[in-house]
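K.L.:
Protein chains in written order, with our numbering: chain A, 1 to 391; chain B, 1 to 395; chain C, 1 to 206; chain D, 1 to 103; chain E, 1 to 126; chain F, 1 to 229; chain G, 1 to 167; chain H, 1 to 204.
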Amino acid sequence: MVEKLDQIFVLLSHWLVGFLPAGLQQAAGIVIGVVVIVCLYPALFALAVLMERKGLGRMQNRYGPNRVGPYGILQPIADGIKSLTKEDIVPLSADSAVHFLAPIVVVVASFMGFAVLPMGRNMVLVDMDAGLLFYFAMGASTELAVFMAGWSSRNKYSLLGAMRAVAQMISYEVPLLLSSVAVVMITGSLSLTKIVSAQNAYTGIFPHWYIFTPWGFAGFLMYAISTTAETNRSPFDLPEGESEIVAGYHTEYSGFKFALFFLGEYVAMFSISGLGTTLFLGGWSAPFSFLTWIPSWIWFFSKLMLSICVFIWLRGTLPRLRQDQLMNFAWKFVLPLSLINLLVAALWRFLGEGWQRWVFCSAILLIAYVFMGLQEARSDHFGPRSYRYAE
Amino acid sequence: MTKIGTKLGFGRKKKPEGWNRPPVIEQTSEGELLEVAMGPHHPSTHGVFRMNLALDGERVIRLKPEFGYLHRNHEKLGEGQSYLASMPYTDRLDYLCSLTNNWAYALAVEKLTGQQVPERAEYLRVILSELTRFQNHAGTIGFLMQDMGCSGTPLMYAFREREKILDLFEELTGSRMMCNYMRFGGCRVDATPAWLDATRKVVAGLPAFLDEFEALLRSNEILMARTQGVGILPPDLAVNAGITGPLLRASGVNYDIRKVDHYGIYDRFNFKVPLGDHGDVYDRFMIRMLEMRESLKILDQALKEIPGGPVVDPKAKIRGFRPKPGEAYGRIESPKGELGFYLISDGGPNPYRYRVRPPSLINLTVLEDMSLGQNVADVVLILGSVDIVMGEVDR
Amino acid sequence: MLGEGILKGLAETARNFVGSYVSKERLTTVEYPEQRIAPIEATRDFPFLVYDGKDWDAGLRCVACQICEKECPPKCIFIEKSKDKKPDAVGKQQFYPARFDIDISVCMSCQICVEVCPFDAIKMNTEFELSTTDRFGGLLLDRQQLAKSNEYYHEIHPTEASGVDARLAAERAAAEAKAKAAAEAAAAKAAAAAASSAAKPAGGEA
Amino acid sequence: MTPLAGYLLVAALLFAIGLAGALTRRNAILVLIGIELMLNAANLNLIAFWRYGPHPEALTGMMFAIFSIAVAAAEAAVGLGLVISIHRHAQTADLDEMNRMKG
Amino acid sequence: MSDMVSTPYFSLAILFFAALGFGLAPLGLAWLWGRVFAPPKPNAIKNAIYECGLESKGDAWVQFNSAYYLYAIIFLIFDVEAVFLLPFAVAFTGLGAAACLAMLVFVLMLVEGLAWAWAKGVLTWA
Amino acid sequence: MKTVEEIKAAIEAAVPGAGVEVVHNPGPSGQHSLRLDPSHAVEVAKFLRSDAELAFDFLSNVTGVDWPDREVTEKVRVTRPVTRTVDGVEQTVEETVEETRKHVERGCLEVVFHLFSIEKKHGPLVLRMRTVNRTDQVELPSLTPVWRSAEFQEREIFDLYGVVFKGHPDLRRILMWEGFKDHPMRRDYVEPDDFDYEPTAHDEVLARAKAHQAALQAAAVGHEGTGAD
Amino acid sequence: MSFVFYILAAITLAGGLAAVLLKNMVHCALAVSIAFAGLAFLFLGLDAQFAGFAQILVYVGAVAILVVFAILLTRSSDTPKDGGVFSRTWLAGLVVAAAVFAVIGWAVLSSVGGLPHEAAVPTVTVLQIGQALMGPYVLPLEIVALLLTVATIGAVIVAIHEKEDAK
Amino acid sequence: MAVDEQLKSEMARQGIVVTSLQELYNWGRRSSVWPMNFGLACCAIEMIATTMARWDMARFGAEVFRPSPRQADLLIVSGTVTKKMAPQVVRLYNQMPEPRYVIAMGACAISGGPFKQGYNVLKGIDRYIPVDVHIPGCPPRPEALLQAFIELQKKIDAQPLTGEGRPRFLDVDAQGEFPVPEPGEHDLEPTSNKGVWTVPVVIK
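(1) State the beta-bridge partners of Arg84 (chain F) as determined by DSSP.
(2) Near Lys3 (chain B), which residues of its chain fall below 7 Å by C-beta distance, leaving aside the five closest residues on each side in sequence?
(3) Measuring straight from C-alpha to C-alpha, what distance separates Val116 (chain C) and Cys107 (chain C)?
(4) Tell me whether the beta-carbon of Glu51 (chain E) lies closer than 7 Å to the beta-carbon of Ala37 (chain B).
(5) At a CB distance below 8 Å, what residues from the region 107-141 of chain C approach chain B? Give them in sequence order.
(6) Give the interface partners of Pro170 (chain H) over in chain E, defined as CB-CB distance under 7 Å, in chain order.
(7) DSSP on Trp151 (chain A), reduced to helix/strand/coil?
(8) Shortest alpha-carbon distance to Lys85 (chain C) belongs to which of C:Phe95, C:Phe78, C:Cys76?
(9) By alpha-carbon positions, which one of A:Ala115, A:Ala109, A:Arg62 ends up nearest to Ile37 (chain A)?
(10) Going residue by residue through the region 250-300 of chain B, where are the continuous beta strand (DSSP E) segments of at least 3 residues, counting only ones entirely within it?
(11) Would you say Asp101 (chain C) lies against chain F (beta-carbon separation less than 7 Å)?
(12) Which of the three DSSP states, helix, strand or coil, is assigned to Leu5 (chain A)?
(13) Given Glu119 (chain B), which residues of its chain have a CB within under 7 Å of its CB, disregarding the five upstream and five downstream residues?
(14) Would you kindly report the start and end of the unbroken alpha helix (DSSP H) that includes Arg155 (chain F)?
(15) Could you tell me which chain C residues have their CB closer than 7 Å to the CB of Gly241 (chain H), listed as they occur along the chain?
(16) Taking all protein chains shown into account, do 16 or more other C-beta atoms lie within 10 angstroms of the C-beta of Asn133 (chain F), making it buried, or fewer, making it exposed?
(17) Buried or exposed: His41 (chain B), going by 16 or more other Cβ atoms within 10 Å of its Cβ?
(18) Got a sec: is the Cβ-Cβ distance from Gln325 (chain A) to anything in chain C below 7 Å?
(19) So with Cβ pairs under 7 Å, would you call Gly27 (chain F) a contact of chain B?
Structure below.
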């Protein structure tokens with residue numbers, strides 16, 4: 001029964017496909033998988049937007065949307081209908097073809113990543129040997145799309161926003177890649193399914209998730225920071241920093257094209273958090289051995305939503321960085337640390353089992369963190385201050 | 001000028017003649033200048049202010065402020081109507097702090113006529129203006145954080161407390177923002193004991209809010225990185241450019257009109273003036289934070305000591321108010337700086353000349369000096385830290 | 001340590017998030033159309049005209065003295081004085097406003113009209129739900145729309161209204177007393193006159 | 001036609017396009033783009049020959065292609081850097097104009 | 001046919017087209033809505049560039065600061081590095097110390113480039 | 001702080017020929033002022049700023065005042081020859097009559113400065129300067145080079161009163177838009193007539209609104225008429 | 001030779017053609033990234049999965065960005081006003097290109113018979129590539145590292161603005 | 001989703017599809033009104049207060065203050081529109097995509113309010129752009145803004161999708177452009193947009 005519940009979607013898909021002639025079965029199975037991805041994540045997007053608005057509200061001592069439908073759950077749908085029926089404005093001097101293509105490229109690029117994400121046991125669209133590489137290759141195209149959006153609008157704020165976005169995304173892509181490489185080094189595979197199954201083991205009741213190793217923890221932090229920056233979320237939301245450059249690269253977008261950017265951002269958030277979950281948080285595996293009876297897909301999606309909650313939490317709390325600080329942070333803090341993390345991951349293997357590797361690896365990372373942190377603070381001359389009073 | 005911080009080039013060197021022009025930044029990288037208008041509709045300009053920027057990449061090479069988008073002819077209207085009728089208009093000058101505006105105007109008129117103010121009214125004025133200062137500073141910090149990209153959380157907390165204070169205002173004066181409370185020679189209505197109790201209760205709850213605010217912001221690394229060393233205003237320039245209020249004190253100049261003029265009854269209260277050593281955005285943020293604490297001290301004392309008695313000079317007239325010919329300049333320490341009113345009376349029912357000395361406008365004089373060479377994102381912060389209200393800037 | 005302040009801030013927002021489910025202090029929202037904040041007595045919004053008794057037209061305290069019209073800073077009051085006179089609450093013959101318009105699209109709620117009114121005829125309302133889609137019809141209030149009963153006044157500003165009533169009663173009593181005294185005096189005078197006139201012929205006769 | 005011939009033809013065509021671009025366009029960046037296209041055409045050849053060659057398991061062609069990608073990337077970085085540098089001095093990225101300024 | 005279906009690229013292609021459809025369908029729907037009910041009314045003011053409510057002055061397409069380019073170079077180099085690192089990482093569990101040393105040399109060489117750029121001030125945003 | 005008279009003496013000692021006048025303020029505020037001669041104003045200002053005892057380092061408020069041309073009516077007794085026909089003969093007779101004479105007192109634009117000292121914590125010192133007239137000779141020296149705080153305020157006076165400050169680094173309109181033709185704070189400024197809908201107007205505004213209304217109504221009727229045709 | 005090949009080839013060639021023909025430089029850069037992506041898909045068709053994705057990662061993700069930045073930096077994004085986007089010697093260039101294509105095409109077509117027709121589908125895993133890199137190709141790897149480092153330094157030196165003068 | 005009965009029966013003739021489409025459309029529009037991040041003066045502070053925790057406009061799904069007019073539905077003219085600012089306000093309104101709504105918040109925005117006697121104050125923004133809801137008050141309380149917002153929702157609900165009474169933006173022939181006034185030598189030119197603003201012929 002537990003097994004069946006775990007595999008319920010797989011079985012359902014098989015059952016549905018069973019009605020078709022044999023020659024079409026495989027293709028139909030794929031189509032079902034794709035349809036699920038294309039329908040599920042937008043639905044999750046709606047949920048996440050609502051969660052964000054309500055969660056932010058709660059952090060700010062208010063309710064958030066609660067009138068459209070019961071508890072406000074229909075709010076995203078209303079937003080969707082509104083966006084759909086809004087007039088579409090393309091500035092006269094804009095490059096209309098590129099202006100039109102940009103949101104579509106954003107959406108497509110952010111959806112493609114899901115192809116290799118295992119969303120549960122046996123629930124992956126394609127299990128490729130070079131899955132992780134594929135994921136990053138797809139992620140790389142988003143940068144171009146953002147540039148297209150900002151450039152084609154021919155608006156100063158858009159262009160500034162696009163340049164910021166591209167600079168930011170390329171800067172954080174390197175640590176993103178490097179922190180994943182550490183995982184690959186230990187797992188020995190680029191296939192995300194294999195990475196999950198490598199973590200799906202338990203010592204006592206505790207799982208073998210990579211986040212519970214020194215290099216994994218540090219890698220996860222680097223990954224989380226880079227993720228936030230890659231998806232342009234607060235505190236790295238400079239490309240759309242409204243206090244400076246109005247709405248950034250989508251200043252000139254209206255109607256559903258804007259909604260597509262919005263959707264693209266969230267879908268990218270899902271996919272990149274899904275990847276993070278897979279790489280460091282054991283993917284669909286249960287957090288304790290005695291919880292394995294809960295279906296794997298529940299674990300995957302709860303981890304996904306949890307990371308979305310963290311995004312929301314960060315957004316509710318933190319101010320925005322400045323462009324130079326953002327770049328400095330990427331190149332002078334995150335990148336060196338993730339390089340050191342690679343070294344630590346290698347050491348982890350060479351030091352073999354035993355407590356030594358824990359102490360050693362943690363010590364290296366901690367020292368590096370403190371050193372780099374001090375460096376960072378010193379280079380910007382910041383710190384707490386005291387004040388004097390006059391009578 | 002007392003001791004001035006020496007860090008970050010805070011010397012007292014006398015600069016050569018003509019030093020007070022903004023420096024001209026030579027363009028260093030080869031990119032073309034991007035001419036951007038920020039405002040009049042821009043999320044960061046706190047209303048309808050406009051800055052014409054020339055950017056080299058993201059660096060500000062030139063900045064020209066442009067005003068007048070909210071020029072409501074306040075002074076002209078003031079000359080066309082009676083002294084009393086201008087009182088509600090002063091509410092709309094700096095619309096975040098109507099009560100201090102009221103006070104400044106009342107003070108100027110009282111100087112013009114030589115009227116006396118009963119003691120209870122003085123206490124009420126102090127209480128209300130310190131509450132005003134508190135809510136203004138909290139709001140300013142909230143807006144500053146909003147400019148920094150905080151998604152509204154600090155602003156919401158600030159407004160949560162502001163609502164409590166506004167409720168007090170409304171209970172006493174009848175309106176949340178446009179109080180129109182002070183009169184020449186006193187205040188319009190008396191505060192009930194219930195109101196004073198409510199105020200005591202609210203004031204008792206405010207330190208907790210400040211603690212929360214400080215926990216949220218004071219040691220936040222991003223905030224420190226964003227604000228420290230940004231928009232430095234040297235004290236010499238600050239004094240020469242007529243900068244007043246928290247902006248001046250953040251630059252280390254000890255000048256608080258409450259201490260200098262002892263207007264009202266401020267000499268009876270025990271409070272201090274916090275001073276900054278760096279004159280940057282962080283100092284301005286912190287000076288406001290600390291001034292809020294000092295305001296709470298004053299409030300505690302004033303609420304404890306408030307005497308009974310009338311709240312308005314019984315000789316004061318509402319109708320047929322005609323000051324003798326003459327002129328007067330009255331000023332107070334408003335939350336934004338020195339708010340002054342200059343009145344010339346020709347003996348008629350209307351002032352012959354009615355002039356507002358707007359701290360916000362004059363504090364903007366140095367905006368260009370503080371912003372040149374900084375990042376465009378910093379300009380937003382610098383503007384936010386100056387704390388302008390367009391109603392007062394343009395009048 | 002880098003990151004400490006950020007963690008502190010995160011803890012603060014988390015505290016507020018959790019607090020919003022348990023404490024009223026951390027969930028300050030008043031859900032407006034259904035819930036309202038407790039009415040504050042001193043609140044003022046737009047002026048209204050007080051009338052005594054049942055008939056709004058007859059009971060208006062306003063005597064069209066036009067002081068408020070002159071003193072109104074934005075000049076949003078328009079009064080047309082009546083040609084004839086009507087008895088007021090005391091019974092004294094007074095002018096009354098043939099027209100009394102307030103353009104609330106201009107009114108700045110400053111309360112100066114109330115302060116200068118020597119007859120306690122104009123007071124501030126607390127009604128604020130006046131949004132309208134009708135620019136010209138909805139925002140110009142005439143005499144009838146402005147007239148509100150003294151009971152209504154008591155409802156919204158109880159303390160102030162009872163003060164006003166007491167004062168008016170005192171005035172009325174004073175007026176009545178004065179009238180009475182005057183009447184008595186007149187009567188006395190008349191009596192005296194009558195007496196004297198009665199005496200005169202007598203004297204004349206005498 | 002064999003698949004290999006197809007790939008080779010595509011590569012040849014791409015090469016010719018790149019060459020034409022490199023030779024005819026005035027803008028130095030576009031010339032570089034043409035060169036990149038030519039390099040990529042060569043890459044396609046490498047991979048096609050590897051795939052249809054006698055020893056695909058030896059990975060030679062594939063490895064060459066990967067190295068070629070790396071080298072081409074380095075080439076692009078330096079080439080575009082040169083263009084920017086020249087532009088800084090000549091205030092143009094137009095090759096004709098650069099020539100004119102030189103002579 | 002089944003040959004094609006069994007490759008992973010078939011699924012990717014289906015996903016690609018589905019995503020494309022997902023992007024295009026609402027835009028098409030919005031366009032249709034405009035055709036049937038709400039006619040778009042473009043005009044010179046509406047379709048001008050937004051610039052804080054003012055008329056836009058000067059072109060947005062200006063020559064940009066070279067700081068962006070320097071970052072892009074370093075990014076490119078590290079991207080290429082990642083292309084080599086990934087196969088290495090996959091093979092890492094089976095590799096000896098010598099091979100790892102070789103990789104270390106590889107990485108260090110690139111780090112040297114980074115360190116040089118850092119020292120040169122390239123990584124400091126202008 | 002020194003009294004105005006003492007300051008006047010100090011200025012005259014430091015700047016020979018400064019031509020400073022004390023203007024007495026009759027009101028209870030007791031803020032008497034010094035009228036400066038425009039030609040020496042900058043020197044005086046520099047002295048006031050740099051003098052160790054006065055140290056007026058803080059120029060708080062700068063404002064303009066418009067004194068329009070005033071018609072002064074006075075009664076004068078004049079003696080003049082009058083030709084009169086007395087008994088059929090024309091005679092010239094000297095006669096003294098009382099006559100009401102009107103003459104226009106030239107108005108001017110005045111600029112008022114309020115100085116304080118941050119260092120010594122005293123003030124205010126009120127300075128005034130007057131232009132020659134209100135039409136063509138409206139130039140005054142700018143004090144912006146001495147006190148930067150005058151920058152925007154002098155621009156404002158230029159904008160609203162039309163005083164031209166010589167030596168101001170950036171004298172443009174500040175509050176009104178470029179291309180605006182008037183100086184609206186002057187007392188004789190005529191506001192643009194745009195009172196279209198004034199349900200509660202009084203006095204002059206009422207008259208204007210009525211005129212407007214009549215014109216509009218006429219236009220509407222005319223329009224309807226043409227429409228009917 | 002399935003129709004997928006034809007589609008991909010057409011996309012690639014169209015992208016390439018657009019890249020050399022279009023007037024607006026940014027369009028050229030976008031078109032060339034389409035050509036790069038098309039090539040990557042062709043690689044995939046040739047069972048070179050790793051090379052294909054690496055191609056996308058490096059070319060679409062990085063080189064295209066570099067090109068775009070270079071275009072914005074040299075202000076080439078405007079379409080030139082004084083006509084002519086092509087060099088004065090465009091005809092000669094075109095002739096040379098056509099000639100080259102003619103030669104190669106002829107060579108390919110004439111050797112069609114001799115070319116291998118179908119080979120066994122190789123299964124190349126990333127693991128194999130990694131082992132090859134660490135094994136026989138370790139020297140080229142180091143040389144590439146050196147090359148990349150030199151290229152970084154070189155490109156930065158070339159592109160960097162003369163900041164030293166200011167300092 | 002209240003459509004009054006008469007309208008419903010009329011719609012029934014046009015077919016149930018249009019009716020339900022209309023309901024869905026109106027529901028979507030009114031439930032998702034994103035205001036523009038646009039403040040002018042004093043009223044802007046009350047507008048901000050409305051979005052803050054105490055009043056929380058977010059409950060209606062209207063907290064998404066968009067800084068760019070392209071993504072906004074609602075222009076809250078919150079404060080005095082001066083003659084210098086009016087061209088900008090009109091341009092911003094023009095740059096919003098249809099359907100767009102305007103709330104004139106406060107006396108100044110409706111009529112120039114207390115400042116109407118000033119030379120630089122526009123006597124009501126409805127001289128240039130069509131205003132949906134007027135809120136009197138100086139400034140109106142946050143509740144008043146919420147009430148105006150509900151009023152606006154009611155107005156949206158009552159708008160038919162087709163036929164005679166349909167709103168301006170659904171009509172091909174209706175005006176779509178609102179000319180931006182030019183600052184002249186003494187006043188704005190023109191002083192009002194005749195297509196939007198007509199003075200009521202009778203003054204009370």
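Idealized CB from N, CA, C, for every residue including glycine.
P.N.:
Once the coordinates are examined:
(1) By one-based count along the sixth sequence, residue 84 (chain F) stands at place 84. Its beta-bridge partners are F:Gln91.
(2) Within the second sequence, the letter at position 3 stands for residue 3 (chain B). Annotation note: pLDDT 36 at Lys3 (chain B) (below 50); position unreliable, coordinate value reported separately. Once the five neighbours on either side are set aside, Lys3 (chain B) has no close Cβ partner at all.
(3) Taking the first residue of the third sequence as 1, we reach residue 116 (chain C) at position 116. Taking the first residue of the third sequence as 1, we reach residue 107 (chain C) at position 107. Rounded to the nearest angstrom, the two C-alpha atoms are 16 Å apart.
(4) In the fifth sequence, residue 51 (chain E) corresponds to position 51, counting from 1. In the second sequence, residue 37 (chain B) corresponds to position 37, counting from 1. Cβ atoms of Glu51 (chain E) and Ala37 (chain B): closer than 7 Å.
(5) Met108, Ser109, Cys110, Gln111, Ile112, Glu115, Val116, Met124
(6) One-based indexing of the eighth sequence puts residue 170 (chain H) at position 170. Position check: residue 170 (chain H) holds Leu in this sequence, whereas Pro was assumed. The contacting residues are Phe37, Ala38.
(7) The residue you call residue 151 (chain A) lines up with position 151 of the first sequence. Helix, per DSSP.
(8) Position 85 of the third sequence, counted from the start, is the residue given in the question as residue 85 (chain C). Of C:Phe95, C:Phe78, C:Cys76, the residue nearest in Cα terms is C:Phe95.
(9) By one-based count along the first sequence, residue 37 (chain A) stands at place 37. Ile37 (chain A) has its Cα closest to that of A:Ala115, out of A:Ala115, A:Ala109, A:Arg62.
(10) 273-275
(11) Numbered from 1 along the third sequence, position 101 holds the residue referred to as residue 101 (chain C). Yes, Asp101 (chain C) counts as interfacial toward chain F.
(12) In the first sequence, counting from the first residue as 1, residue 5 (chain A) sits at position 5. The answer is helix: DSSP assigns Leu5 (chain A) an H, G or I state.
(13) Residue mapping note: residue 119 (chain B) aligns to position 119 of the second sequence, counting from 1. Within the same chain, Glu119 (chain B) has close Cβ partners Pro307, Gly309.
(14) The sequence position of residue 155 (chain F) within the sixth sequence is 155, counting from 1. Segment 150-160, the alpha helix (DSSP H) holding Arg155 (chain F).
(15) Nothing about residue 241 (chain H) can be read from this structure; chain H reaches only from 1 to 204.
(16) In the sixth sequence, the residue the question calls residue 133 (chain F) occupies position 133. Classification for Asn133 (chain F): exposed.
(17) Working through the second sequence from its first residue, we reach residue 41 (chain B) at position 41. Label assigned to His41 (chain B): buried.
(18) Taking the first residue of the first sequence as position 1, residue 325 (chain A) is located at position 325. No, Gln325 (chain A) lies away from the interface with chain C (no Cβ there is under 7 Å from its Cβ).
(19) Residue 27 (chain F) sits at position 27 when you count from the first residue of the sixth sequence. True, the Cβ-Cβ gap to chain B drops below 7 Å.
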